[in-house]
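**Q** Structure below; questions to follow.
6 protein chains.
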Amino acid sequence: MAIKMSNQFNSEITRADGRATDELRPVRITNSFTDIPEGSVLIECGNTRVMCTATFTQGVPRWRKDSGLGWVTAEYAMLPRATAERTDRESVRGKIGGRTHEISRLIGRCLRGVVDMKALGENQIQIDCDVLQADGGTRTASITGAYVAMVEALRWAEENKFIKSAAKVIKDSVSAVSVGVIDGTPMLDLPYVEDCKAMTDMNVAMTGSGDFIEIQGTAEHRPFSRNELNTLLDLAEKGNRELQAAQADVLEADAEAGR
Amino acid sequence: MAIKMSNQFNSEITRADGRATDELRPVRITNSFTDIPEGSVLIECGNTRVMCTATFTQGVPRWRKDSGLGWVTAEYAMLPRATAERTDRESVRGKIGGRTHEISRLIGRCLRGVVDMKALGENQIQIDCDVLQADGGTRTASITGAYVAMVEALRWAEENKFIKSAAKVIKDSVSAVSVGVIDGTPMLDLPYVEDCKAMTDMNVAMTGSGDFIEIQGTAEHRPFSRNELNTLLDLAEKGNRELQAAQADVLEADAEAGR
Amino acid sequence: MAIKMSNQFNSEITRADGRATDELRPVRITNSFTDIPEGSVLIECGNTRVMCTATFTQGVPRWRKDSGLGWVTAEYAMLPRATAERTDRESVRGKIGGRTHEISRLIGRCLRGVVDMKALGENQIQIDCDVLQADGGTRTASITGAYVAMVEALRWAEENKFIKSAAKVIKDSVSAVSVGVIDGTPMLDLPYVEDCKAMTDMNVAMTGSGDFIEIQGTAEHRPFSRNELNTLLDLAEKGNRELQAAQADVLEADAEAGR
Amino acid sequence: MAIKMSNQFNSEITRADGRATDELRPVRITNSFTDIPEGSVLIECGNTRVMCTATFTQGVPRWRKDSGLGWVTAEYAMLPRATAERTDRESVRGKIGGRTHEISRLIGRCLRGVVDMKALGENQIQIDCDVLQADGGTRTASITGAYVAMVEALRWAEENKFIKSAAKVIKDSVSAVSVGVIDGTPMLDLPYVEDCKAMTDMNVAMTGSGDFIEIQGTAEHRPFSRNELNTLLDLAEKGNRELQAAQADVLEADAEAGR
Amino acid sequence: MAIKMSNQFNSEITRADGRATDELRPVRITNSFTDIPEGSVLIECGNTRVMCTATFTQGVPRWRKDSGLGWVTAEYAMLPRATAERTDRESVRGKIGGRTHEISRLIGRCLRGVVDMKALGENQIQIDCDVLQADGGTRTASITGAYVAMVEALRWAEENKFIKSAAKVIKDSVSAVSVGVIDGTPMLDLPYVEDCKAMTDMNVAMTGSGDFIEIQGTAEHRPFSRNELNTLLDLAEKGNRELQAAQADVLEADAEAGR
Amino acid sequence: MAIKMSNQFNSEITRADGRATDELRPVRITNSFTDIPEGSVLIECGNTRVMCTATFTQGVPRWRKDSGLGWVTAEYAMLPRATAERTDRESVRGKIGGRTHEISRLIGRCLRGVVDMKALGENQIQIDCDVLQADGGTRTASITGAYVAMVEALRWAEENKFIKSAAKVIKDSVSAVSVGVIDGTPMLDLPYVEDCKAMTDMNVAMTGSGDFIEIQGTAEHRPFSRNELNTLLDLAEKGNRELQAAQADVLEADAEAGR
């Protein structure tokens, strides 16, 4: 199941890929991408492609035992040739880099932000996001895709009587998108070429209700003002609403398919 | 570009998946699977799916400098949910396991076996085989797919004038397949369920000319006789010839497409 | 040199430590805390104490060579008994945890955000923030203290003719503070006991000009609305202005002392 | 107890060390080489010397518990100056290389291939093969020596009433030898100088009954034909029969000595 | 609480810092240096400053369980800018160096040497010595400071009823000091500049009763005679008696303060 | 070449192995133990057996370059079954333990203490001490054996014109022995069973001239007095003189053999 966003946005400034400044790249979410995991999704945002799997297991980590609460955790990684120059494997280097750690933790927090741990019970969901191809926005694509994989896994768990109701576990949906200021212009959903030029870069994870779970704005190259922040958040809200529509379409089609 | 093998073989014993004992699983080889690497292939052998990329870079490792010779190396890894139970990432564990090392080395040797290092010149090809889904035969699928990715990368290098002729670098083709003895019957191309029951297990990498590059027979559970060895090698030869036909089809179509 | 902030703020809600909701904890910045480093600062924010050193060295990392630009990097760590329960050393565990990586990277970005790399020339500043005692806000205290240590080191470099002018390298000042929503009330500068109860937690790094370098808002436990975000940013701006006054006092006294 | 093989073979081609092409290097197996382990053997194949110890312990690894079955595992390592150029210790490098992993796993599989795990009961044998001096064929010498050490350890376990009968645990004997094609001539038992020149290299582990446990043929430098394979296997069978005679002599003498 | 040693010693040879050859550097021991640990001490010996904390926990490591005995262990580390040139963190390098291991073990042995493990019961004391500034003698300062921190922690444990009597656990006091031969002259308490020139270097840990717990004499640059050894031990005894007086003063003042 | 010490000592207290309190265990030093290294020695002190190799290489580590001085370094390790219970390999655990580090450093210092680095020139000697069987005193046996291996390597270097004169590089000989107090009685050369019972344990490395290079006395279990120290040093001097006689015999025989 895949969906292509219509290009309905306009703007006077044209970007290298022809998009308007407030326009998302085409997004495709393919669910049940591989057969084995409880949830498996391929998300494509422009040329960025991330495989997100969700593993449902009974039981929780030791520190969480006998709490009656569940747990959700995530790991993010890049395949060596997701990038233009081959990146050495972290397994070969023998340690995980700071960037990987940072993104894994971010994804985990975003998903935990929409899960009712009590309704999940003492079960664990492990999210794995592996970037097959990277063209900017891999962490936000991971969050958006992982949410769909998680719902798939929870529906599987409901069918298999591990939880009572997937719907009760999921308090809200969550998606994420990047925004940034390039040459003074705020823009939505930055591919790699824009990301490199961005003076300010912000990743915004938003719930279906329009509240924020994570705002990570970083402006190493040029601090941003309160006004710019507001414009960026407007863009991010627009982008997230569209991503959530794409998520909903896939999940609805999946539900109808009676999976 | 993908090819489905016709099921033309027969045998009285029927396997769980309905195949004859000397019948390959359906094989699909999709080239140019991702856009960034010089060579990128998805190979599917039954439910086993491996993404193979080939990275062409100028220059060789330090120990090989000023030899006038090129180098080919390979790394193999499994995504966490390629398997029924989630496997911990080797990057998280901080070390690479013995099995991973063993398979990476095997793939590298097989490809080096068909490359003319002098014709390659002081350039390097790095193969990455990442298993998206595992159902037996991941190492042999990796070899078969990696060969196609390597040719793709060498053709790219020829077009970009890094080497004179891809055809001269490639001395021969190479593919690999597993064979084994299950309940006393030699069988070709074992899926996971058969692999577990196999008393004898053999991986055979063969060139297009019909010679062997690697024979790895292991019989921890029941040693095998010289006769059984011969039957297994017959099966492996048959399987490899069919895999090589599939490789050739993809590479021919690709050449015609003028890539 | 140390400064105690006067408690001039008021609010109807009283916090466990008697502060108003918009009131900083007492802050003390002691410069030249140890004798050896080019810059050395002890910053105390309430019971949180962080030792920040700045190391000035000629030359830059390899990837930055011949760029004419300098580099600033940071490492953060906790002593084992900074916390109520002893924390195992990361050197003993053999790897750095995700939280440490994340904070080290954050501190580095904040300082780079106020440094003119061209004016710094091919020199490097390495910041080390070691938490002697932790009571919430260790990452923001690190940023605030590290800025002072960095200025100290740059003044040392100017005196020793490694750079022309410390003032030209420093484009702006930077400080950081945490804000959060506790029991529905937005509050400034959270100690550990409040941090644990916060549903929303945000760290805001601001320049002396009032622009943002980093906004890291995280709301794993309860997403926050655009309105709440605005209130939190107002609090953070107030806190940062006061921290910047404390930084300025120390640096002015230090300059007068003719160091 | 040590045995020197008589040189009874002939061939027209003479090798650097004067041997016929189908002649083993002199082999010496010294049992009870050190006093502490349950089994301890020094095996010398020409200038290759490997110390093999077998540790018998009650109980099995966790994943094997309550199976009623035993376990056999092996580790292989080289002392730094086993080689002409000093090799860095893997403990110092902090990780085990691929070659070490590969050989350790090979040795383990070969020994497990001749052990009746049910007769062993829930006991474990750990083999350690440490190469004191390397001159080619260290992995095959390790297998041949380890078998003797394992029998020694099982006899010790029988005497000490940990198992009922060593003879019942040992289903068959196992030895291993290398063969290869040098300058077009198939040869038996390659020392280092020949190993470097071999275009094809094969290690063959054979049971006392003449069946194969492992065949590892690798021909990175020149693929081999089915005919060559057959000649190499003939040589390997001859070599293994002689090695098994040497093993039997040592074990018989040991049994007579009433140990 | 801090104490400055009066400079009552004389000698004809004057050292760079004006001390007599048998004169300690000024020593300051500040107890309750941080608030969180059960014992926390800052010891300053000249420019060397070490923060020593003692963590008291109920229970002992697994190998010590059900022995009725307690355990004392220690870890030593240097902050990156304790030294003139920044030292890379061992956590970043991913392994602990030999020197760190050696000193950690030394500190642990010295403290265990004065503890009655039976009186301690199944409780554990973990010592952490973190060098804030290094100017020679960091290991001996660590021992001297750690003893005070340990007593502080044991008094805390007595007050909190985890042990019956701190006094019974502590069999004796312990302090340590370095001595060495510089340009042929034996000297007490070497700062870094002397340590570098010392041909012979010795660290001596002595109990309050005047017996030795550790003597580590090392003379890589010029072996020392039995006579020199005796002179060095005389100096070390004098130094240790003075350090023990400083320890006693702090601990007495602390006891009087009714803590 | 091997030498057995005559048992000429007497004492009223008899030890478990029948020795007098001031009597060494039988010592055997076999030189040219393996063929490949420049120096290779097997030393046996009672049941303790250590293989010591010395590797001579031209050039020194980077930090020593252009100093005109040589370098000597050492690494110590135990084979897994040197001990009664199998010890896990440090390569498998992925890190070197504190004890190993400590002993490696000790051996290096002892050997450097008798080498004229200027006469050695910019060459390096790497010592490897691998314990084949451990029965107490492995570190002192390593030092004693390593000295002989080092001389062998230096003689090799002289013959091969890498250095002018081995005799000029070696300023003195060095050996080491353990002493300890067992049940109140000072004893020489402790096997494992005594080592465990020793309240005080001391390792003493002494030059041929009778000066000390290392004294490492440790008395975790019962501090020792100045008097006891003197008795222990007397014993150590006696033991070292005898070990040095054994070293001299081997080296003389070796020189006569014209090697």
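Just so you know, the sequences run in chain order A, B, C, D, E and F.
Position one of the first sequence corresponds to residue 1 (UniProt numbering), numbered consecutively onward.
Position one of the second sequence corresponds to residue 1 (UniProt numbering), numbered consecutively onward.
Position one of the third sequence corresponds to residue 1 (UniProt numbering), numbered consecutively onward.
Position one of the fourth sequence corresponds to residue 1 (UniProt numbering), numbered consecutively onward.
Position one of the fifth sequence corresponds to residue 1 (UniProt numbering), numbered consecutively onward.
Position one of the sixth sequence corresponds to residue 1 (UniProt numbering), numbered consecutively onward.
All C-beta atoms in this analysis are idealised placements derived from N, C-alpha and C, irrespective of residue type, glycine included.
1. Identify every run of the beta strand (DSSP E) within the UniProt domain "Exoribonuclease phosphorolytic" (23–153) of chain A, keeping only runs that are complete inside it and at least 3 residues long; order them along the chain.
2. Count the other CB atoms within 10 Å of the CB of D:Q247; is the residue buried (16 or more) or exposed (fewer)?
3. What residues from the segment 116–142 of chain C come within 9 Å of chain E, judged by C-beta to C-beta, listed N to C?
4. Is the beta carbon of A:N180 sitting closer than 7 Å to the one on A:I43?
5. Can you check whether the CB of E:G70 is closer than 7 Å to the CB of E:G121?
6. Could you tell me which of B:V250, B:A255 and B:D254 sits nearest to B:N27, measuring between CA atoms?
7. Give me the Cα-Cα distance between E:D234 and D:T57, rounded to the nearest whole angstrom.
8. What would DSSP say about A:L229, mapped onto helix, strand or coil?
9. Helix, strand or coil: how does DSSP classify F:D201 here?
10. Check whether the Cβ atoms of C:D201 and C:T218 lie closer than 7 Å to each other.
11. If I measure Cβ to Cβ from E:S173 and keep anything under 7 Å in the same chain, skipping five residues before and after, which residues do I get?
12. What does a CB cutoff of less than 6 Å around A:D254 pick up in its chain, not counting 5 residues either side in sequence?
13. Using DSSP bridges, identify the partner residues of B:A176.
14. Once DSSP output is grouped into helix, strand and coil, what is the label at C:L190?
15. Please determine if the segment 67–84 of chain A and the segment 98–118 of chain A are in contact, where contact requires at least 3 C-beta pairs separated by less than 8 Å.
16. Name the chain B residues whose beta carbon is nearer than 8 Å to that of D:T207?
17. In three-state terms, what does DSSP make of C:G217?
18. Skipping 5 residues on each side, what residues in its chain have a beta carbon closer than 6 Å to that of E:R15?
19. State the beta-bridge partners of D:F212 as determined by DSSP.
20. Expressed to the nearest angstrom, what Euclidean distance is found between the alpha-carbon atoms of C:S40 and A:T21?
21. Can you grab the Cα-Cα spacing for the pair B:T34 / A:N123, in whole Å?
22. With distance defined between alpha-carbon atoms, name the residue in E:N230, E:Y192 and E:D128 nearest to E:E38.
23. With 7 Å as the threshold, decide whether the Cβ of A:A219 is near any Cβ in chain C.
24. With 7 Å as the threshold, decide whether the Cβ of F:D249 is near any Cβ in chain E.
25. Counting only Cβ pairs nearer than 7 Å, list the residues of chain C close to E:G94.
26. Listed from N- to C-terminal order along the chain, which residues in the segment 37–51 of chain F have their beta-carbon within a distance smaller than 8 Å of any beta-carbon of chain D?
27. Using only alpha-carbon positions, find the residue among C:L79, C:I170, C:I96 and C:A74 that is nearest to E:C52.
28. Pick out whichever of F:R99, F:G210 and F:T83 has its Cα sitting closest to the Cα of F:Y76.
29. List the whole-angstrom C-beta distance separating D:A236 from D:V177, where the pair is believed to meet the contact cut-off of C-beta under 8 Å.
30. Is it true that the segment 98–112 of chain F meets the segment 154–169 of chain F, where meeting means three or more beta-carbon pairs spaced less than 8 Å apart?
31. Can you tell me where the alpha helix (DSSP H) holding F:K168 begins and where it ends?
32. Report back the beta-carbon spacing between A:G239 and A:L188 to the nearest angstrom; my notes put them in contact at under 8 Å.
33. Is it buried or exposed for A:R81, if we count other Cβ within 10 angstroms and need 16 for buried?
34. For B:I143 and B:V50, I'd like the C-alpha separation in whole angstroms.
35. Under 7 Å between C-beta atoms, does B:Q216 make it to chain D?
**A** According to the structure data:
1. 27–31, 39–45, 48–58, 71–78 and 123–133
2. On the fourth sequence, position 247 is the one that residue 247 of chain D refers to. D:Q247 is buried by the Cβ-count criterion.
3. Q126, D128, D130, L132, Q133, A134 and D135
4. Within the first sequence, residue 180 of chain A is the residue found at index 180, counting from 1. Within the first sequence, residue 43 of chain A is the residue found at index 43, counting from 1. According to the sequence provided, residue 180 of chain A is Gly. The question's Asn does not apply to it. No, they are not a contact pair.
5. Position 121 of the fifth sequence, counted from the start, is the residue given in the question as residue 121 of chain E. Position 70 of the fifth sequence, counted from the start, is the residue given in the question as residue 70 of chain E. Against a cut-off of 7 Å, the Cβ pair of E:G70 and E:G121 comes out as a contact.
6. As a first step, residue 27 of chain B is located in the second sequence; it is residue number 27 there, counting from the start. According to the sequence shown, residue 27 of chain B is Val rather than Asn. Considering only alpha carbons, the answer is B:V250.
7. Residue 234 of chain E sits at position 234 when you count from the first residue of the fifth sequence. Residue 57 of chain D sits at position 57 when you count from the first residue of the fourth sequence. Straight-line Cα distance between these residues: approximately 52 Å.
8. In the first sequence, residue 229 of chain A corresponds to position 229, counting from 1. Helix, per DSSP.
9. Position 201 of the sixth sequence, counting from 1, holds the residue named residue 201 of chain F. Looking at F:D201 - three-state DSSP - the assignment turns out to be strand.
10. If you number the third sequence from 1, residue 201 of chain C lands on position 201. If you number the third sequence from 1, residue 218 of chain C lands on position 218. Going by C-beta atoms, C:D201 is nearer than 7 Å to C:T218.
11. As a position in the fifth sequence, residue 173 of chain E is number 173, starting the count at 1. Closer than 7 Å at Cβ, skipping near neighbours: V114, Y147, T207, G208, Q244 and Q247.
12. The residue labelled residue 254 of chain A in the question sits at position 254 within the first sequence. Hits under 6 Å: N31.
13. Position 176 of the second sequence holds residue 176 of chain B. Note: B:A176 sits in a beta bridge opposite B:A205.
14. Working through the third sequence from its first residue, we reach residue 190 of chain C at position 190. It is coil, neither helix nor strand.
15. yes
16. Residue numbering aside, residue 207 of chain D sits at position 207 when the fourth sequence is read from its first letter. Residues of chain B passing the Cβ test: P223.
17. Here residue 217 of chain C corresponds to residue number 217 of the third sequence, with the count starting at 1. Strand at C:G217.
18. The residue given as residue 15 of chain E occupies position 15 in the fifth sequence. Closer than 6 Å at Cβ, skipping near neighbours: no residue.
19. As a working mapping, residue 212 of chain D is identified with position 212 in the fourth sequence. D:F212 is bridged to B:F224 and D:M206.
20. One-based indexing of the third sequence puts residue 40 of chain C at position 40. One-based indexing of the first sequence puts residue 21 of chain A at position 21. Cα to Cα, the separation comes out at about 45 Å.
21. The residue you call residue 34 of chain B lines up with position 34 of the second sequence. The residue you call residue 123 of chain A lines up with position 123 of the first sequence. Rounded to the nearest angstrom, the two C-alpha atoms are 35 Å apart.
22. The residue labelled residue 38 of chain E in the question sits at position 38 within the fifth sequence. Taking only the C-alpha atoms, the option nearest E:E38 is E:D128.
23. Counting from one through the first sequence, the residue named residue 219 of chain A turns up at place 219. By this cut-off, A:A219 is an interface position.
24. In the sixth sequence, counting from the first residue as 1, residue 249 of chain F sits at position 249. So, not an interface residue.
25. Mapped onto the fifth sequence, residue 94 of chain E falls at position 94. Here the neighbours are G94 and K95.
26. P37, S40, N47, R49 and M51
27. Translated into the one-based positions of the fifth sequence, residue 52 of chain E becomes position 52. Out of C:L79, C:I170, C:I96 and C:A74, C:L79 has the C-alpha closest to the C-alpha of E:C52.
28. Residue 76 of chain F sits at position 76 when you count from the first residue of the sixth sequence. Measuring from the Cα of F:Y76, the nearest candidate turns out to be F:R99.
29. Here residue 236 of chain D is taken as the residue at index 236 of the fourth sequence, counted from 1. Here residue 177 of chain D is taken as the residue at index 177 of the fourth sequence, counted from 1. 6 Å between Cβ atoms; contact.
30. no
31. Walking along the sixth sequence from the start, residue 168 of chain F turns up at place 168. A166 to V169 is the extent of the alpha helix (DSSP H) around F:K168.
32. By 1-based counting over the first sequence, the position of residue 239 of chain A is 239. By 1-based counting over the first sequence, the position of residue 188 of chain A is 188. Contact holds; Cβ gap of about 5 Å.
33. Indexing the first sequence from 1 puts residue 81 of chain A at position 81. A:R81 is buried by the Cβ-count criterion.
34. The residue you call residue 143 of chain B lines up with position 143 of the second sequence. The residue you call residue 50 of chain B lines up with position 50 of the second sequence. For B:I143 and B:V50, the distance between alpha carbons rounds to 10 Å.
35. For the purposes of this step, residue 216 of chain B is taken as the residue at position 216 of the second sequence. Yes, contact with chain D.
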